[in-house]
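Let me begin by presenting the structure, written as structure tokens, before commenting on it.
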Amino acid sequence: VDLLLGSFCRKQKRKVDGRAISVLKERVGLSLRGLLSHLERCLLSLKEGESLTAARVEELVPFSAEVAMWKLTRAISQRNHKEALSILDNQLDRGEPAGPIFSYINSYLVSLVQVGGLMKEHRSAAEVARAIPRKTEFQIKKTLEDLRTWRSQDLTDAFDALARADYKSKGGEGGADPKLLLQMLILKLCSRKQGRTRR
């Protein structure tokens, strides 16, 4: 990816500071189409002879929904409710619908349960990764790190809270504001007690 982005910059006859590409990937993810699109927009913003800096990338390129949701679940795993709520508010302010955010949190919780269950049957993260083709060994290791901050009861409570919030966001039980429901859900997930999930 770095070679392709570097080649693109050379063809545009633009200079790019070393950190700029790293910041771009942190914000966009590894979608080549997304990276090239944002890179082109950043390069077009430069004056003649000006280099693309990390600061300019941070100014022009928002976190993609995928990256933002990864940062959201990381904050939840760390019980950092301030960071998680800040990310949530930013996404909603940018027009991200509540539905996909509920879905992403559900996928995160399912992944914790799935990986935790498979670790009882397999001896290593590499073996678990082979059992889940869409996940890499690195992703499995990160999930296992997160899993250490969840007890079995925490996960049960999290699924219950998620189901209730999602149901209400769709008009169930009289309905409620989806933003408020997501904020309350995140506070619930981040307020779980210290402890390891029992395996």
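So in my numbering, spot 128 of the sequence shown is number 1430, and the numbers just go up one at a time. No residue lacks a Cβ here, since even glycine has one placed at the ideal position from N, Cα and C.
- Counting C-beta atoms within 10 angstroms of its own C-beta, residue 1482 has fewer than 16 neighbours from the protein chains shown and is therefore classed as exposed.
- Between residue 1409 and the set 1374, 1322, 1345, the nearest pair of CA atoms involves 1374.
- By a beta-carbon distance limit of 8 Å, residue 1487 contacts residue 1463. Their separation comes to about 6 Å.
- Ranked by Cα distance from residue 1395, the first of 1443, 1320, 1370 is 1370.
- Three or more beta-carbon pairs drawn from the segment 1419–1428 and the segment 1438–1448 are found closer than 8 Å, and the two stretches are therefore classed as touching.
- Closest in C-alpha terms to residue 1457, from the list 1474, 1420, 1407, comes 1407.
- Contact between the segment 1352–1360 and the segment 1318–1326 is established, with three or more Cβ pairs separated by less than 8 Å.
- About 10 Å separates the Cβ atoms of residue 1341 and residue 1362, ruling out a contact at the 8 Å cut-off.
- Within the segment 1400–1453, the complete alpha helix (DSSP H) runs of at least 4 residues fall at 1400–1421, 1427–1433, 1439–1449.
- Among the bridge pairs identified by DSSP, residue 1354 is matched with 1318.
- At the C-beta level, residue 1439 and residue 1433 stay beyond 8 Å of one another.
- The straight-line gap separating the alpha-carbon atoms of residue 1491 and residue 1312 is approximately 46 Å.
- The Cβ atoms of residue 1365 and residue 1471 do not sit closer than 8 Å to each other.
- Taking residue 1416 as the centre and dropping the five residues before and after it, the same chain places the C-beta of 1434 closer than 8 Å to its C-beta, in chain order.
- Going by C-alpha positions, residue 1476 is about 39 Å away from residue 1441.
- When DSSP states are grouped into helix, strand and coil, residue 1366 belongs to the coil group.
- With fewer than 16 other Cβ atoms inside 10 Å of its own Cβ, residue 1436 counts as exposed.
- Per DSSP, the unbroken alpha helix (DSSP H) holding residue 1481 starts and ends at 1480–1492.
- Within the model, the alpha-carbon separation for residue 1389 versus residue 1322 is close to 22 Å.
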